[in-house]
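Here the structure is laid out as structure tokens; the discussion comes afterwards.
Below, the structure written as structure tokens:
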């Protein structure tokens, strides 16, 4: 059986089971869980792995699951097909959990469906028999870098070190035996295109900021207090004043939320907390902009005589697509949806967001394409999957076909990609780099 026949068989299996695959994605949609808390979602994937006969390990970086499927044609490279387990917190979303506010406003539920769907296709007996190497279906936690204060508490308890899922899995060595990685993300901004690849993303660092002032009666004794809310407000205005210094090519995005603004409207706020993010197109610009933001946070404290504690947390690296792997995706997408349905973005096209797939792409050949099927702005109450055929079934077929291209014929193409790839970091260098980015700064504005 030649490669094209293997692809056809895998796609036939996915097509026959597409209702099951879509229903799995919808089940995840209806049970959203934020990062490192994906207990129900992890259990669902484990049950499906068990049903499919996929050997797997669970509890990786708390909730991750890693399967292994050995090809029947002998040893070779290991190819990971990744799906992200976690949701956002968007309380207004129509599918939000009424108690936690968790909601799949970024389409990760579709990733679990497509990862399992691709696995089903690749488990077609005549397909698996002719593949060399290993298929690694991998459900990973905590891509969305949110709920920072809670994750810092997890870190203090030794539950995790890094606060992003793939970051932590890299540290734990769970990608040491993976040679090539892929995943696919839903998108709502593709126009008439159905599948897109290429481009890049921002790197970032995350900050947890705590202003400490002095409480007092806001009506009768405000002069006795030190207003931590005013300190934070001054800092935010200072950060906004930096915008004219940002160059367009650096794709700078600096944004955040206030998670605590005081306790009573009748009291001068003494404890104000922020979660902030500093994104830029290169690690160097992240460093420069991070330092500028820290100056603003200190300025707020200095203005009112408060103190500030700034915890800088290592975030993600820009996405770096392997060109040879991306070309296999492009050819496969054209085969499935035609030239007019396929978009290849220039390498420097930056979508502005960030992903921990960027971290992985600095270590091993990786590709992170996008598939249609969603409407509405990402991360909002309006982000809804309206076409599950495009959002789940199509990418399941495409990823299964790409894996076949890689591992058929003695895994010739996978071996070529692995041999030609030049990683930007080793795993050891990556862990060292991320640890060095972690920093805690304290400043007393009254000193």
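Residue numbers (our numbering): -4 to 442. C-beta atoms are modelled at their ideal positions from N, C-alpha and C, and glycine is treated no differently.
Where DSSP assigns a beta bridge to residue 384, which residues make up the other side?
-> Stepping through the chain shown from its first residue, residue 384 is reached at position 389. Its beta-bridge partners do not exist; DSSP assigns none.
Exposed or buried, which one is residue 439 when buried takes at least 16 other CB atoms within 10 Å?
-> Within the chain shown, numbered from 1, the residue matching residue 439 stands at position 444. Residue 439 comes out exposed.
Given a threshold of 16 other Cβ atoms within 10 Å of its Cβ, counted over all protein chains shown, does residue 431 qualify as buried or as exposed?
-> The residue labelled residue 431 in the question sits at position 436 within the chain shown. Residue 431 is exposed by the Cβ-count criterion.
Pair every Cβ in the region 364 to 373 with every Cβ in the region 297 to 313, then say whether three or more of these pairs are closer than 8 Å.
-> no
Would you kindly check if the distance between the Cβ of residue 102 and the Cβ of residue 181 is under 8 Å?
-> As a working mapping, residue 181 is identified with position 186 in the chain shown. As a working mapping, residue 102 is identified with position 107 in the chain shown. In this structure, residue 102 lies closer than 8 Å to residue 181 by Cβ.
May I ask you to report which of helix, strand or coil DSSP gives residue 439?
-> Within the chain shown, numbered from 1, the residue matching residue 439 stands at position 444. Reduced to three states, the DSSP call for residue 439 is strand.
Touch check for the region 266 to 276 and the region 324 to 337: three-plus C-beta pairs under 8 Å?
-> no
Minimum C-alpha distance to residue 407 - residue among 128, 14, 45, 109 = Counting from one through the chain shown, the residue named residue 407 turns up at place 412. Among 128, 14, 45, 109, the Cα nearest to that of residue 407 belongs to 128.
Tell me, to the nearest whole angstrom, how far the beta carbon of residue 28 is from that of residue 34; I am working on the premise that it is less than 8 Å.
-> Taking the chain shown and counting its residues from 1, the one referred to as residue 28 is at position 33. Taking the chain shown and counting its residues from 1, the one referred to as residue 34 is at position 39. About 7 Å; that satisfies the 8 Å criterion.
From residue 64 to residue 361, what does the alpha carbon distance come to, in whole angstroms?
-> Counting from one through the chain shown, the residue named residue 64 turns up at place 69. Counting from one through the chain shown, the residue named residue 361 turns up at place 366. Spanning the two alpha carbons is a distance of roughly 19 Å.
Does the ligand SAH have even one heavy atom less than 7 Å from the beta-carbon of residue 319?
-> This structure lacks the ligand SAH; in fact it carries no ligand of any kind.
Out of curiosity, what's the CA-to-CA distance linking residue 242 and residue 98?
-> Along the chain shown, one-based indexing puts residue 242 at 247. Along the chain shown, one-based indexing puts residue 98 at 103. Answer to the nearest angstrom: the Cα atoms are 34 Å apart.
For the region 13 to 82, which segments carrying the beta strand (DSSP E) assignment without a break, of at least 3 residues, lie completely within its bounds, in sequence order?
-> 50 to 55, 59 to 65, 73 to 79
Euclidean distance between Cα positions of residue 21 and residue 104 = Looking up residue 21 in the chain shown gives position 26. Looking up residue 104 in the chain shown gives position 109. Looking at the two C-alpha atoms, the distance is approximately 7 Å.
Where do the ends of the alpha helix (DSSP H) carrying residue 359 lie?
-> Counted from its first residue, the chain shown places residue 359 at position 364. Here residue 359 belongs to no alpha helix (DSSP H), and DSSP marks it neither H nor E.
Assuming residue 263 contacts residue 213 (C-beta within less than 8 Å), just tell me the rounded distance between them.
-> Residue numbering aside, residue 263 sits at position 268 when the chain shown is read from its first letter. Residue numbering aside, residue 213 sits at position 218 when the chain shown is read from its first letter. 5 Å between Cβ atoms; contact.
Taking only runs of the alpha helix (DSSP H) that begin and end inside the region 75 to 132, which ones reach a length of at least 4 residues, in chain order?
-> 103 to 117, 120 to 123
Might you give, ordered along the chain, the residues of its own chain that have their beta carbon closer than 8 Å to the beta carbon of residue -2, omitting 5 neighbours on each side?
-> On the chain shown, residue -2 is found 3 positions in, with the first residue counted as 1. Once the five neighbours on either side are set aside, the close Cβ partners of residue -2 are 399, 400, 403, 404.
Return helix, strand or coil for residue 173, following the three-state DSSP convention.
-> Looking up residue 173 in the chain shown gives position 178. Note: residue 173 maps to coil in three-state DSSP.
Three-state secondary structure (DSSP) of residue 218 = Here residue 218 refers to the residue found at position 223 of the chain shown. Correct three-state label for residue 218: helix.
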